[in-house]
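This report concerns only the one structure given below.
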Amino acid sequence: MFKKSLVVIFFLFWIVLAINPVDPATWALENILVAAVFPVVLWLDRRYSFNNLTFLSLTVFVILHLFGAHMTYNEMSYFAEVSEWFGWERNQYDHLIHFLFGLMVFVPFFEVFYHQGMSRKVSYLLAFLFITGIGAWYEILEWITIIVFCKQPQEVCFDAITQGDIWDAQKDMAYAVIASVLALLLHLLWGSRSPNKVGEK
Numbered sequence: 006m007f008k009k010s011l012v013v014i015f016f017l018f019w020i021v022l023a024i025n026p027v028d029p030a031t032w033a034l035e036n037i038l039v040a041a042v043f044p045v046v047l048w049l050d051r052r053y054s055f056n057n058l059t060f061l062s063l064t065v066f067v068i069l070h071l072f073g074a075h076m077t078y079n080e081m082s083y084f085a086e087v088s089e090w091f092g093w094e095r096n097q098y099d100h101l102i103h104f105l106f107g108l109m110v111f112v113p114f115f116e117v118f119y120h121q122g123m124s125r126k127v128s129y130l131l132a133f134l135f136i137t138g139i140g141a142w143y144e145i146l147e148w149i150t151i152i153v154f155c156k157q158p159q160e161v162c163f164d165a166i167t168q169g170d171i172w173d174a175q176k177d178m179a180y181a182v183i184a185s186v187l188a189l190l191l192h193l194l195w196g197s198r199s200p201n202k203v204g205e206k
């Protein structure tokens, strides 16, 4: 019942945030991944039965991503005051999402590999590699998207994605890596309380 409620909440947010987005083209591009991954998550849950906390973290992460897609990450007004309070020169919402990706999606990857009979160590390693790999591929796809779809001058296209930060892609990947290591450490502390599987090393 808990997971079904989260799915309903997710759909409600998706419908509401699909209404009058700031940039419809950006919204569509950002939601391609959501539309492709959401059925996969439901299938994985039916097969491996994610625990409630894992399913909740996935739902919250995707909803936060939908807010960024609706308002665009550069103009995420709900986060503007936070950026101003810290004295940041740019809106840091996109960096936050990359950090949360590593923090909140690491455990679901771990559970998928762990439930296939792999040891904790191997599952942790594969989850970490998937987080870093997806983070890198996302930046590559973002670059390809600029080249293929942005018809404005190169400087305008660059600013639209990076807000003028030449190290934006590297920072995004670094935030995801740092957060995944943090998630690994937290799960090591929490996961050590649960019984190991038979034959696990």
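For what it's worth, my numbering labels the leading residue of the sequence shown as 6, then goes sequentially. Cβ coordinates follow ideal geometry from the N, Cα and C atoms, glycine included. Computed from a prediction, not measured in an experiment: that's the story for all the values here.
Measure the beta-carbon distance from A179 to L105 and round it to whole angstroms, keeping in mind my assumption that it falls under 8 Å. Between L105 and A179 the Cβ distance is about 14 Å, and since that is not below 8 Å, they are no contact.
Restricting to Cα atoms, I'd like to know which of P44, V27, W19, Y53 is closest to P113. Y53
Chain-order list of residues whose beta-carbon lies under 8 Å from that of N56 (same chain, five-residue window excluded): E116
If contacts are defined as beta-carbon pairs under 8 Å, then I182 and T150 qualify, I think. What distance do you get, rounded to the angstrom? The amino acid occupying residue 182 in the given sequence is Val; Ile does not appear at that position. No, V182 and T150 are not in contact; Cβ-Cβ is about 22 Å, not under 8 Å.
Three-way DSSP call (helix, strand, coil) for G169 in this model: coil
Is DSSP giving K156 helix, strand or coil here? coil
With a 10 Å radius around its C-beta and 16 neighbouring C-beta atoms as the bar for buried, classify P200 as buried or exposed. Caution applies to P200, whose pLDDT of 42 falls short of 50 and renders its modelled position unreliable; the value that the coordinates give is listed next. The residue is exposed, with fewer than 16 neighbouring Cβ atoms inside 10 Å.
Just confirm the distance between the C-beta atoms of H103 and D177, as a whole number of angstroms; I'd bet it's less than 8 Å. 4 Å
Out of A23, I24, L189, which one is the CA nearest neighbour of K126? L189
Are the stretch 64-79 and the stretch 20-28 touching by the rule of at least three beta carbon pairs closer than 8 Å? yes
Where K202 falls: helix, strand or coil (DSSP): Caution applies to K202, whose pLDDT of 44 falls short of 50 and renders its modelled position unreliable; the model cannot decide the point.
Please classify N79: does DSSP put it in a helix, a strand, or coil? helix
Helix or strand or just coil, what does DSSP make of G122? coil
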